[in-house]
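J.:
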Amino acid sequence: MIKLQSITRTFHMGDQAVYALNDINLQIDSGEYVSIMGPSGSGKSTLLNIIGLLDQPNSGRYELDGKPVTDLTEIEQARIRREKIGFVFQSFHLVPRLTAAENIELPLILGGIPVEQRQARVQAALQAFELLQRAQHRPSELSGGQRQRVAIARATIMQPSVILADEPTGNLDHQIGAEVMVLLENLHHAGTTLIIVTHDRELGARAHRQIGMRDGRILTDQHS
Amino acid sequence: MTLPDTLLTSFRTVVSYRLRSLLIILAMALGVAAVVMLTALGDGARNYVINQFSSIGTNLLVVLPGRAETSGSFLGAVLGQTPRDLTLKDAQLLERLPQIRRYAPLNVGAAELSAANRLREVTVLGSTEHLIPIRHMKLAQGSFLQQGSERSAQIVLGAKIAREFFPHTQAIGQRVRLGDNRFLVSGVLAAQGETMGFNTDEVVIIPIDHAQAMFNTTSLFRILVETKHHNDIEPAKQAMLAILKQAHDGEEDITIITQDAILDTFDRILHALTLAVAGIAAISLIVAGILIMNVMLVAVSQRTAEIGLLKAIGATSSDIRRLFFAEALWLSLTGAMFGFLFGQLGSQLIRWAYPQLPAWAPLWASIAGIAVAVITGIVASILPANQAARLDAVQALGKR
Ligand SMILES: Nc1ncnc2c1ncn2[C@@H]1O[C@H](COP(=O)(O)OP(=O)(O)OP(=O)(O)O)[C@@H](O)[C@H]1O
Ligand SMILES: [Mg+2]
C-alpha cells in the first residue's frame with residue numbers, strides 16, 4: 000500500500016520555485032491498476048520517482064506498506080527499490096554492452112543472489128517474456144518491443160510488489176505498445192500493483208483507476 | 000552486491016571497452032617496465048662495480064705517497080704533489096705488522112719490449128711475487144720470482160703479450176729485451192681481460208729493483224697490502240699510518256685507501272643513482288595514474304544514464320563507487336603485471352646483450368613499481384568513483 004500525505008516537490012530555476020508536486024495526497028492499495036495522465040510538465044514523472052524512492056519530496060509523508068520511508072537511509076531506500084519496486088521507462092534504459100540475459104540479471108547481482116539461482120531465474124524470465132531466442136543479443140540488435148520486454152523482465156525479476164511504468168509505450172508503435180500493455184496488465188492480474196504514466200487516453204482508460212494531474216496537483220481521481 | 004560480483008562485473012566492463020582499456024594498460028605497463036628495467040640497469044651497474052673491485056683483491060689496502068686534503072677523498076692524493084717519497088724501506092717496515100698477510104710494493108712505467116723480431120711498448124709493473132695473489136692474478140704457466148731469486152732478471156708476460164711475441168713457441172725460457180736489459184721469461188699470466196680499466200693481459204711484470212733501476216727512481220708508486228682477515232683492515236690501517244708517520248719524521252704524508260671505503264662509496268653512489276632513475280620512472284606511473292583518472296571521469300559522464308538505471312534498480316551509492324573503483328583497480332593491476340613481465344623480459348635482453356652486466360631488477364624495485372602503479376590507480380579513481388556515486392538518480396536517468 001502506498002500512502003502519500005501533503006507531498007510537495009519544488010525545483011529552483013534561478014530564484015523562482017517550480018512546484019513539480021504541490022500538496023499531493025494519494026493512497027494506492029496493493030494490487031491496484033492506476034493510470035496517471037496530464038499535460039507535459041504536470042508532475043507525473045516526479046510523482047512516479049517519489050513513489051519509487053528515486054527522488055525525495057521537500058515535505059510531506061510517504062508510507063509504503065504501512066512504514067514511513069522518507070526518512071530511511073540511502074542504503075535502506077536502495078534495498079526497497081531493489082526488492083519492492085520495478086521501474087519501466089519510456090526509453091528502456093538497457094545497458095548497451097550487456098546481452099538481454101545479462102540486463103535481466105542485473106537486479107539479481109545487485110541483490111547478492113547466488114549465481115546458481117540467478118541462472119534459473121533469468122531463464123524463467125526469458126521464457127516468460129518470449130526472449131529465449133534473443134538471450135545473447137545486445138540491445139542494439141533488438142527491436143523496440145523486444146527491448147521493452149527485456150526491461151519489463153528486468154523490472155519483475157526480483158518479484159516486486161509495485162511496477163512503476165513511465166510512458167512505457169511512448170517509443171513504440173501502436174500495435175507493439177498494445178502488446179507491451181498486455182504484458183504489464185498480466186503482472187497486475189498476478190497481483191502486482193501497477194502504476195502507469197501515459198499520454199494516451201485510450202491506454203489510460205484501460206486502468207481501473209485514472210488520476211488526472213495539472214500543475215503539480217491531482218485534479219481528478221476516477222474509478223471505473 | 001557481493002565482492003566477487005563487483006570484481007566480475009567491472010572486469011567485464013574493462014573487457015568490453017577494449018581499445019580504451021588496452022591504452023591505459025599499456026601506459027601503466029610502460030611505467031612499471033621502465034621502473035623494473037632502469038633499476039635492473041642501475042643495480043646491474045652496482046653489482047658490476049662490486050665484482051670488479053673484488054676481482055682486484057680482497058682485504059686490500061693501498062698506500063700512496065702524499066696526504067689527502069680531506070679524509071674520505073683520495074683524489075687529492077692521487078692527483079696532488081708528493082712531498083716525500085714512499086720507498087722500499089717503508090714497505091719492508093709493514094712486514095712486521097701482525098694483521099698483515101702479505102704486501103707488494105709497486106712501480107709502474109712503460110718500456111719497449113723486443114724479442115723474436117718484434118717490438119712494442121708495454122706497461123711494466125715492478126713488484127714482488129706477492130703481487131700476483133694480492134691482485135688475484137693467475138699464472139697460466141711458470142712462476143714469478145720465487146723466494147730468494149729476487150735479483151735474477153726474470154719477467155712475467157701478460158697473456159696477450161705472450162701470444163703476440165711467441166705465437167707458436169713456448170714463451171717460458173725465452174729471452175726478451177725490455178728497454179736496455181735482458182730478461183728471462185719465467186711465467187705467463189692467465190688471460191683475465193679488463194678489470195677497473197686496467198688490462199692485465201697487456202702488461203709485463205719484473206722484479207721491483209730491476210724496475211727501479213730501469214726507471215731510475217727509488218720511490219714507489221703504491222704499496223698493496225693484504226690483511227689476514229676482513230676485521231684486520233681498520234687496525235692495520237691505523238698501525239700502518241703510525242709506523243709510516245714515525246719513519247717519515249712524524250709527518251703524516253701518506254694516504255691509505257681501503258678497498259672497503261672505495262667500494263662503499265661506489266655502492267652508495269650507484270645505489271642512489273638506481274633510486275633516482277627508479278623515481279624518474281615512477282613519475283611515468285603518476286602520469287599513467289592521471290590518464291586513468293581522466294578516462295574514468297569520461298566514463299562517468301558517458302555512463303551517467305547507466306548509473307541512474309543502476310540506482311533505479313536498487314544499487315546503493317557504495318555499489319556504484321565500488322564498481323568504478325574495481326574498474327580502475329583492474330586497469331592498473333593488469334598494467335602493472337604486464338609491465339613487470341615486460342621489464343623482466345627487457346632485463347633479460349640487456350643481460351643477453353651485455354653478459355658482463357648482471358642486470359637483475361632488485362626485488363624492492365619490482366614490488367615498489369607494482370605497488371605504486373596500483374596505488375596511483377586507486378587514488379586516481381577516488382574522484383571519478385565518488386562523482387559517480389553522488390549522481391542524482393533522476394537527473395542521471397534523464398541524460399542520454
Ligand atoms: N531537475 C529539474 N530541475 C528543474 N525543474 C524540474 C526538474 N525536473 C522536473 N522539473 C520541473 O518539474 C515539473 C514537473 O516535471 P515532470 O517531469 O514531473 O513532468 P511530466 O508530467 O512528467 O512531464 P512530461 O509529460 O513532459 O514527461 C516541470 O515543470 C519540470 O520543468
Ligand atoms: Mg515525464
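Going down the list, the protein sequences come from chains F and Y.
The first sequence begins at 0 in numbering that gives the first Met the number 0 and counts up by one.
The second sequence begins at 0 in numbering that gives the first Met the number 0 and counts up by one.
Note that the Cβ used here is the ideal one computed from N, Cα and C, for glycine as well.
It should be emphasised that the depicted structure is a prediction, and the values quoted were computed from it without experimental measurement.
1. Of all the CB atoms in chain Y, is at least one closer than 8 Å to the CB of F:Ile108?
2. Got a sec: is the Cβ-Cβ distance from F:Val87 to anything in chain Y below 8 Å?
3. Is F:Met157 helix, strand or coil by DSSP?
4. What span of residues does the beta strand (DSSP E) with F:Ala244 cover, start to end?
5. Can you give me the C-alpha to C-alpha distance between F:Arg120 and F:Gln126, rounded to a whole angstrom?
6. Apart from the five residues on each side of it in sequence, which residues of its chain come closer than 7 Å, Cβ to Cβ, to Y:Asp84?
7. Looking at the secondary structure, which residues open and close the alpha helix (DSSP H) in which Y:Pro132 lies?
8. On the premise that Y:Ile319 lies in contact with F:Pro106, defined as a C-beta separation below 8 Å, what is that separation, rounded to the nearest angstrom?
9. Leaving aside the five residues before and after Y:Ala238 along the sequence, list all residues of the same chain whose C-beta is less than 8 Å from its C-beta, in chain order.
10. With Y:Ile279 as the anchor, note down where its alpha helix (DSSP H) starts and where it stops.
11. Taking 7 Å as the cut-off, is the CB of F:Asp165 close to at least one heavy atom of ligand 2?
12. For the region 354-368 of chain Y against the region 298-317 of chain Y, are there 3 or more C-beta pairs whose distance is under 8 Å?
13. Closer than 7 Å, Cβ to any Cβ of chain Y: which residues of the region 7-40 of chain F, in chain order?
14. Does the distance between the C-beta of F:Ser29 and the nearest non-hydrogen atom of ligand 2 fall short of 7 Å?
15. Can you tell me the Cβ-Cβ gap for Y:Arg45 and Y:His270, rounded? I've got them flagged as a contact below 8 Å.
16. Is Y:Ile253 helix, strand or coil by DSSP?
17. With a 10 Å radius around its C-beta and 16 neighbouring C-beta atoms as the bar for buried, classify F:Asn24 as buried or exposed.
18. If I follow the unbroken beta strand (DSSP E) through Y:Gln140, where does it start and stop?
19. How many angstroms separate the CA atom of Y:Lys88 from the CA atom of Y:Leu183?
20. Based on the DSSP output, what are the partners of Y:Val202 in its beta bridges?
21. Tell me whether F:Val94 sits in a helix, a strand or coil according to DSSP, three-state version.
22. Kindly confirm or deny that the region 73-85 of chain F and the region 44-59 of chain F touch, where touching means at least three C-beta pairs closer than 8 Å.
23. Can you find a CB in chain F that lies within less than 8 Å of the CB of Y:Ala387?
24. For Y:Gly147 and Y:Glu128, I'd like the C-alpha separation in whole angstroms.
25. Applying the 10 Å Cβ sphere with the 16-neighbour rule, what's the burial state of F:Asn102?
26. I'd like to know whether the C-beta of F:Glu166 is nearer than 8 Å to at least one C-beta of chain Y.
27. Please list the partners that Y:Met0 has in chain F, where partner means a Cβ-to-Cβ separation under 7 Å.
28. Please say whether Y:Val187 and Y:Ala210 have beta carbons closer to each other than 8 Å?
29. Give the interface partners of F:Ala77 over in chain Y, defined as CB-CB distance under 9 Å, in chain order.
30. Where Y:Gln80 and Y:Thr254 are concerned, what is the direct C-alpha to C-alpha distance, given to the nearest angstrom?
31. Beta-carbon separation of F:Met0 and F:Gly211 under 8 Å?
32. Run through chain Y and tell me which residues come within less than 8 Å of F:Arg80, C-beta to C-beta.
33. Which residue marks the beginning of the alpha helix (DSSP H) containing F:Ser41, and which one marks its end?
34. Between Y:Gly71 and Y:Ile154, what straight-line distance do the alpha-carbon atoms span, to the nearest angstrom?
35. So which residues on chain F does Y:Val286 lean against when the C-beta distance must stay under 9 Å?
36. Could you tell me whether the Cβ of F:Arg148 comes closer than 8 Å to any Cβ of chain Y?
T.: To lay it out plainly:
1. Taking 8 Å as the CB threshold, F:Ile108 lines the interface with chain Y.
2. F:Val87 does not count as touching chain Y.
3. coil
4. Because chain F here runs from 0 to 223, residue 244 of chain F falls outside it and cannot be looked at.
5. 10 Å
6. Residues Pro64, Thr217 and Ser218 of the same chain have their beta carbon placed closer than 7 Å to that of Y:Asp84, with the five preceding and five following residues left out of the count.
7. Leu130 to Ile133
8. Under the criterion of beta carbons closer than 8 Å, F:Pro106 and Y:Ile319 do not qualify as touching, at roughly 15 Å.
9. Leu96 and Gln98
10. Gln258 to Gln301
11. Placement of the Cβ of F:Asp165 at a distance of less than 7 Å from at least one heavy atom of ligand 2 is found.
12. As far as the Cβ criterion goes, the region 354-368 of chain Y does not touch the region 298-317 of chain Y, which means the pair count is below three.
13. none
14. Exclusion of F:Ser29 from the 7 Å shell around ligand 2 follows from its C-beta lying no nearer than that to any non-hydrogen atom of the ligand.
15. 6 Å
16. strand
17. exposed
18. Leu138 to Gly141
19. So the alpha carbons of these two residues sit roughly 27 Å apart.
20. Y:Thr122
21. coil
22. Contact between the region 73-85 of chain F and the region 44-59 of chain F is present: three or more C-beta pairs spanning the two stretches fall below 8 Å.
23. no
24. Bear in mind that a pLDDT of 45 at Y:Gly147, under 50, signals an unreliable position, so the model cannot answer this.
25. buried
26. no
27. Ile108, Leu109 and Gly111
28. No; because the gap between Cβ atoms is not below 8 Å, this pair is not in contact.
29. Lys310, Gly313, Ala314, Thr315, Ser316 and Asp318
30. Confidence at Y:Gln80 is low in this model, with a pLDDT of 48, below 50, so its placement is unreliable and the value that follows should be read with caution. Rounded to whole angstroms, Y:Gln80 to Y:Thr254 spans 12 Å at the Cα level.
31. Not a contact, by the Cβ cut-off of 8 Å.
32. For F:Arg80, the neighbours in chain Y by C-beta distance under 8 Å run, in chain order, Lys310, Ala311, Ile312 and Gly313.
33. Element bounds for F:Ser41: n/a, residue is neither H nor E.
34. Caution applies to Y:Gly71, whose pLDDT of 45 falls short of 50 and renders its modelled position unreliable; the value that the coordinates give is listed next. Straight-line Cα distance between these residues: approximately 37 Å.
35. Here the premise fails: no neighbours, minimum Cβ distance about 28 Å.
36. no
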